[in-house]
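Novice: Below you'll find the structure I mean.
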Amino acid sequence: MTEAAQLQVSDEVAIIIQNMNKWYGSFHVLRDIDLTVNRGERIVICGPSGSGKSTLIRCINALEEHQAGSIEVDGTLLSSDLKNIDKIRSEVGMCFQHFNLFPHLTILENCTLAPIWVRKTPKKEAEETAMHFLAKVKIPEQADKYPGQLSGGQQQRVAIARSLCMRPRIMLFDEPTSALDPEMIKEVLDTMIELAEDGMTMLCVTHEMGFARQVANRVIFMDAGQIVEQNEPEEFFNNPKSDRTKLFLSQILGH
Amino acid sequence: MTDTNVSFVRHEQIPPSPPPARESGVIKWARENLFSNWFNSILTIIALYFIIRLVWGAAPWFLNGVWDAASIRECRDILAAAGKETGACFAVLVDRWDHLLFGFKYPADAYWRPTLAFILLLFAAAPALFYMYVPRRFLLLTAAYPFIAYWLIWGGSLWVPIFVAAAIIATGFVFRIVENMSVSLRTYLAAVVGVAAGIGLAYLLFSGAQELRFIAGSIGGEGLRVIPFALFWAASIFTYIFFIPMGIFVGYTIYQSGEDGGLVTLVTALLAIFVMLAYLLGPVAAGLNFIIPLELSAVPSRDMGGYMLSLILGTVCVSLSIPLGIVLALGRQSRMPLIKGVCVVFIEFVRGVPLITLLFVANVMLAYFMPPQTNFDLILRVIIMITMFSSAYIAEVIRGGLAALPKGQYEAADSLGLNYTQATRLIILPQALKISIPGIVNVAVGLFKDTTLVSVISMFDVVGMIRGPIQQSTDWISIYWEVYGFAAVCFFIVCYGISQYSQWLERQLATDHR
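In the order they appear, the protein sequences are chains A and B.
193 is the number that our numbering gives to position 193 of the first sequence; each next residue is one higher, with no gaps.
1319 is the number that our numbering gives to position 319 of the second sequence; each next residue is one higher, with no gaps.
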């Protein structure tokens, strides 16, 4: 029994993606994506580069727009209406491969900015929340430094804390450890595991298969803009069904 | 082979000793920077030779300078009497000091007013320039300064600037109120404001057509008149037919946007300030002045001059063209084709035209396009032109800064749910402007020096004063070095100050620790 199975997944639906298609010009990036995510689910999306996995999760908070099909997040339908987009974005946290912290603001200001301006939280309260989450990612002592003074792993943990300060109901991770040194990967993954244990709904694009085994309750394999295979992690890794998945797993786990 | 013992243990520390004389102090510096190799040594010696020649030649001119004389002839007589071959005639600076600073027509008993305005400028600029050390509430002083300075320099009734300031504040309140209105209330307002704005726009077109007729009338040749008259009739007929439909159309467009509120709010605020300034300013200010007269003797714009005029133009144009440049740069990146198009055309047109052309337009041409009775202040016209000119350059500098930001910054701001205004103000602009500081300062310094170009449209700034009233007076005819040297020093002090400030600011804002 993996640890993942012990964590609760509710029946409540968090994200429904139906028949979603996206093109870059005439290039068909995402083809007929259907995906339902329940609250509390932890989904790892993997696949070769260019398979559209990043694009998929960036469509969920409308960093990329889709041209056909529908995306519903927390009961809000994603449309071209800017109000809906801002509403969804404030409910959905996102961490990027290159952290994208704001270099002109201190760590604390990075964390309090969105709560103060988007949620209209009083400054003092926002700072308390920020310190709480900075303590959670184990770097409260760096609060007054600037992002440029921190290591990559620390910066990524700040980025996670920054998202958490908005109290999101869903977290998206876009290759959060790909730009990190091996010894820093662990500290970021530990933070993410803790987050999963708290019951956060997570969609994570990553190649950390150990993380997938330990935390995910579903692994999705994408290739050429389509979902090729999805399954529970044990089954996915030990008994892949499609040839494409087998090839991918043999390459990624082979060394 | 000798038998040696390699084992060694040190028992005491060698005390530190001073470095050899040639490795410290002035000698080290000179060795490293002036005489590091034979080629540099030769260059140093040649340079020294020229520096000495220069100082040797110029020093007597400075040292023999005459500070007390009424004319250039008297000055030369004094030098000849003292048996000196060469000497500067600084007496011109003493004699024409007031003219160089304030122009030759500014009333002498009012010199204290621009002087006070200048001193206040230092205090008013500090909260904005050194915002990290001065409490935010002092920015109120900065905001109030333009009105105080206008009153001090131009004089007239204090109630005029007070009313304008009050109108701006009132517009802010209107903006707030409309923003917080319920949707249904705002929809009613949108209908009313929309029709008003529509009719206003149509009226503007209508009076524009009338001016075409005026221009047509003022053109000499019979044949040439045909075109403007044809345009006049076309425009008149167009506005007659579309006067009311246009009002309804514009009204409907604004009404449609009532739900969202952005456009309604903006148009209402603009209408409010327009009505206040166009219809209320005159009577209200006159009435208040009648009850409580707060008046300084009025000085018309054509009496402004000297370094004061350069400083007025420089300060006003720099402080206006930076915000305008930001708006243009953001507009050029806009996804809305209309806004983008307007900004691109504006920037490309203004950058493609020499400043001096724009100044001539301000001086001569604008008067042709105005209805005959309007008296549009010359300094205001020049300020508009210089501001337009430099804001186009600043827009391009800031566009460079915007382009230098990684895409991830936009995405991170978006993903946190910040809207466009918040993302731009809190994330994008602070970083883009920081990158753009050297470029902006470059434009600002250039602009300040370019204000001397107004001397060619018969305004008497410091260069205009020198070229006109000073060099052409019988007393100081053909005096060059002293007066132009003075102008150079005046401009150098300010430009060097701006440059030093910008470098200091860049150091203050360096948070990337690269």
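For glycine and all other residues, C-beta sits at the position ideal for the given N, C-alpha and C.
Candidates A/53, A/36, A/14: which alpha carbon is nearest residue 204 of chain A's?
Specialist: The residue labelled residue 204 of chain A in the question sits at position 204 within the first sequence. The candidate whose alpha carbon is nearest that of residue 204 of chain A is A/53.
Novice: Could you say which of A/26, A/236, A/123, A/251 lies nearest to residue 43 of chain A if we only look at CA atoms?
Specialist: Taking the first sequence and counting its residues from 1, the one referred to as residue 43 of chain A is at position 43. The residue with the shortest Cα to Cα distance from residue 43 of chain A is A/236.
Novice: Hey, does residue 117 of chain A have any beta-carbon neighbour from chain B nearer than 8 Å?
Specialist: Along the first sequence, read from residue 1 onward, the residue named residue 117 of chain A stands at position 117. So yes, residue 117 of chain A belongs to the interface.
Novice: Could you give the distance in angstroms between the alpha-carbon of residue 1505 of chain B and the alpha-carbon of residue 1134 of chain B?
Specialist: Counting from 1 along the second sequence, the entry for residue 1505 of chain B is found at position 505. Counting from 1 along the second sequence, the entry for residue 1134 of chain B is found at position 134. C-alpha separation (whole angstroms): 14 Å.
Novice: Given that residue 1411 of chain B touches chain A, what residues does it touch there, using C-beta distances under 9 Å?
Specialist: By one-based count along the second sequence, residue 1411 of chain B stands at place 411. Per Cβ cutoff of 9 Å: 58, 63, 94, 96, 100.
Novice: Who are the neighbours of residue 1326 of chain B on chain A, taking C-beta pairs under 9 Å?
Specialist: Sequence index remark: in the second sequence, residue 1326 of chain B carries index 326 (1-based). None at all; the shortest Cβ gap to chain A is about 16 Å.
Novice: So if I threshold CB-CB distances at 7 Å, which residues from the stretch 1403 to 1433 of chain B count as touching chain A?
Specialist: For the stretch 1403 to 1433 of chain B, residues whose beta-carbon sits nearer than 7 Å to a beta-carbon of chain A comprise 1408, 1409, 1411, 1412, 1414, 1415, 1416, 1417, 1418, 1419, 1422, 1426, 1427, 1430, 1431.
Novice: Among B/1129, B/1095, B/1491, B/1466, which has the Cα closest to the Cα of residue 1305 of chain B?
Specialist: Within the second sequence, numbered from 1, the residue matching residue 1305 of chain B stands at position 305. Of the candidates B/1129, B/1095, B/1491, B/1466, the one whose C-alpha sits nearest the C-alpha of residue 1305 of chain B is B/1466.
Novice: Chain A partners of residue 1511 of chain B, CB-CB under 7 Å?
Specialist: Here residue 1511 of chain B refers to the residue found at position 511 of the second sequence. Under the 7 Å cutoff, chain A gives 103, 104, 146, 148.
Novice: Closest Cβ-Cβ distance between residue 171 of chain A and chain B: below 8 Å?
Specialist: Reading the first sequence from its first residue, position 171 is the one you call residue 171 of chain A. By this cut-off, residue 171 of chain A is not an interface position.
Novice: Express the C-alpha separation of residue 1389 of chain B and residue 1092 of chain B in angstroms, rounding to a whole number.
Specialist: The residue labelled residue 1092 of chain B in the question sits at position 92 within the second sequence. The residue labelled residue 1389 of chain B in the question sits at position 389 within the second sequence. Using only the alpha carbons, I get a separation of about 35 Å.
Novice: How close, in whole Å, do the beta carbons of residue 1141 of chain B and residue 1161 of chain B come, if the pair is a contact with beta carbons under 8 Å?
Specialist: On the second sequence, residue 1141 of chain B is found 141 positions in, with the first residue counted as 1. On the second sequence, residue 1161 of chain B is found 161 positions in, with the first residue counted as 1. Contact flag wrong, Cβ pair sits at about 15 Å.
Novice: Pull out every residue of the stretch 71 to 87 of chain A whose Cβ sits closer than 7 Å to any Cβ of chain B, in chain order.
Specialist: Taking 7 Å as the upper bound on Cβ-Cβ separation, chain B lies near residues 86 of the stretch 71 to 87 of chain A.
Novice: Below 7 Å CB to CB, which residues in the same chain sit around residue 34 of chain A once its five sequence neighbours on both sides are set aside?
Specialist: For the purposes of this step, residue 34 of chain A is taken as the residue at position 34 of the first sequence. Excluding positions up to five away in sequence, the list reads 17, 18, 19.
Novice: What does residue 42 of chain A touch in chain B if you count any residue whose Cβ is under 9 Å from its own?
Specialist: The sequence position of residue 42 of chain A within the first sequence is 42, counting from 1. Residues of chain B passing the Cβ test: none, with the nearest at roughly 20 Å.
Novice: What distance in whole Å lies between the Cβ atoms of residue 245 of chain A and residue 229 of chain A, which are believed to be in contact at a cut-off of 8 Å?
Specialist: As a position in the first sequence, residue 229 of chain A is number 229, starting the count at 1. As a position in the first sequence, residue 245 of chain A is number 245, starting the count at 1. So it is a contact: roughly 5 Å between Cβ atoms.
Novice: As a quick exercise: from A/67, A/149, A/218, pick the residue whose alpha carbon is nearest that of residue 196 of chain A.
Specialist: Within the first sequence, residue 196 of chain A is the residue found at index 196, counting from 1. Measuring from the Cα of residue 196 of chain A, the nearest candidate turns out to be A/218.
Novice: Does any C-beta atom of chain B lie closer than 8 Å to the C-beta of residue 166 of chain A?
Specialist: The residue given as residue 166 of chain A occupies position 166 in the first sequence. Yes, its Cβ sits closer than 8 Å to a Cβ of chain B.
Novice: Determine whether the Cβ of residue 247 of chain A lies closer than 8 Å to any Cβ atom of chain B.
Specialist: Translated into positions along the first sequence, residue 247 of chain A becomes position 247. Cβ-Cβ to chain B under 8 Å: no for residue 247 of chain A.
Novice: Tell me the DSSP bridge mates of residue 1461 of chain B?
Specialist: For the purposes of this step, residue 1461 of chain B is taken as residue 461 along the second sequence, with counting starting at 1. BP columns for residue 1461 of chain B point to B/1306.
Novice: Can you give the beta carbon distance from residue 1248 of chain B to residue 1198 of chain B, rounded, assuming they're within the 8 Å contact cut?
Specialist: Position 248 of the second sequence, counted from the start, is the residue given in the question as residue 1248 of chain B. Position 198 of the second sequence, counted from the start, is the residue given in the question as residue 1198 of chain B. Sure, about 6 Å apart at Cβ, within 8 Å.
Novice: Put residue 1006 of chain B into one of helix, strand or coil per three-state DSSP.
Specialist: The count along the second sequence starts at 1 and reaches residue 1006 of chain B at position 6. Coil, per DSSP.
Novice: Given a cut-off of 8 Å, decide if residue 172 of chain A and residue 61 of chain A are closer than it, judged by their beta-carbon atoms.
Specialist: Sequence index remark: in the first sequence, residue 61 of chain A carries index 61 (1-based). Sequence index remark: in the first sequence, residue 172 of chain A carries index 172 (1-based). Less than 8 Å separates the beta-carbon of residue 61 of chain A from that of residue 172 of chain A.
Novice: Does residue 1207 of chain B come within less than 8 Å of chain A when only Cβ atoms are used?
Specialist: Residue numbering aside, residue 1207 of chain B sits at position 207 when the second sequence is read from its first letter. Chain A contact via Cβ: absent.
Novice: Any idea what DSSP makes of residue 191 of chain A, helix, strand or coil?
Specialist: The residue labelled residue 191 of chain A in the question sits at position 191 within the first sequence. Reduced to three states, the DSSP call for residue 191 of chain A is helix.
Novice: Can you give me the C-alpha to C-alpha distance between residue 1233 of chain B and residue 1361 of chain B, rounded to a whole angstrom?
Specialist: For the purposes of this step, residue 1233 of chain B is identified with residue 233 of the second sequence, where counting begins at 1. For the purposes of this step, residue 1361 of chain B is identified with residue 361 of the second sequence, where counting begins at 1. The alpha-carbon atoms of residue 1233 of chain B and residue 1361 of chain B are separated by roughly 26 Å.
Novice: DSSP on residue 1095 of chain B, reduced to helix/strand/coil?
Specialist: Start at 1 with the first residue of the second sequence, and residue 1095 of chain B comes out as number 95. DSSP places residue 1095 of chain B in helix when its eight states are reduced to three.
Novice: With a Cβ-Cβ cutoff of 8 Å, do residue 1394 of chain B and residue 1441 of chain B count as a contact?
Specialist: Locating residue 1394 of chain B in the second sequence gives position 394, where the first residue counts as 1. Locating residue 1441 of chain B in the second sequence gives position 441, where the first residue counts as 1. Taking 8 Å as the Cβ cut-off, residue 1394 of chain B and residue 1441 of chain B do not qualify as a contacting pair.
Novice: Are any of the Cβ atoms in chain B nearer than 8 Å to that of residue 157 of chain A?
Specialist: The residue you call residue 157 of chain A lines up with position 157 of the first sequence. Answer no: the Cβ-Cβ gap between residue 157 of chain A and chain B never drops below 8 Å.
Novice: In chain B, which residues lie with their C-beta within 7 Å of the C-beta of residue 113 of chain A?
Specialist: Reading the first sequence from its first residue, position 113 is the one you call residue 113 of chain A. Chain B residues near residue 113 of chain A: 1426.
Novice: Please list the terminal residues of the continuous beta strand (DSSP E) segment that includes residue 1075 of chain B.
Specialist: Translated into the one-based positions of the second sequence, residue 1075 of chain B becomes position 75. From DSSP, residue 1075 of chain B is part of no beta strand (DSSP E) but of the alpha helix (DSSP H) over 1072 to 1081.
Novice: In angstroms with no decimal places, state the Cα-to-Cα distance between residue 1025 of chain B and residue 1014 of chain B.
Specialist: Here residue 1025 of chain B is taken as the residue at index 25 of the second sequence, counted from 1. Here residue 1014 of chain B is taken as the residue at index 14 of the second sequence, counted from 1. Each residue's Cα considered, the two are about 24 Å apart.
Novice: Should residue 250 of chain A be flagged as near chain B, meaning a C-beta pair shorter than 8 Å?
Specialist: Residue numbering aside, residue 250 of chain A sits at position 250 when the first sequence is read from its first letter. It does not: the Cβ of residue 250 of chain A has no partner Cβ on chain B nearer than 8 Å.
Novice: Take residue 107 of chain A as the anchor and find which of A/186, A/147, A/76 has the nearest alpha-carbon.
Specialist: Taking the first residue of the first sequence as 1, we reach residue 107 of chain A at position 107. When each option's Cα is compared against that of residue 107 of chain A, the closest is A/147.
Novice: For residue 1117 of chain B, which residues in the same chain have their Cβ closer than 7 Å to its Cβ, ignoring the five residues on either side in sequence?
Specialist: What you label residue 1117 of chain B is simply residue 117 of the second sequence in a count that begins at 1. The residues are 1149, 1152, 1153.
Novice: On a CA-only basis, which of B/1387, B/1337, B/1264 is nearest residue 1322 of chain B? Give me that one, please.
Specialist: In the second sequence, counting from the first residue as 1, residue 1322 of chain B sits at position 322. It is B/1387 whose Cα lies nearest to the Cα of residue 1322 of chain B.
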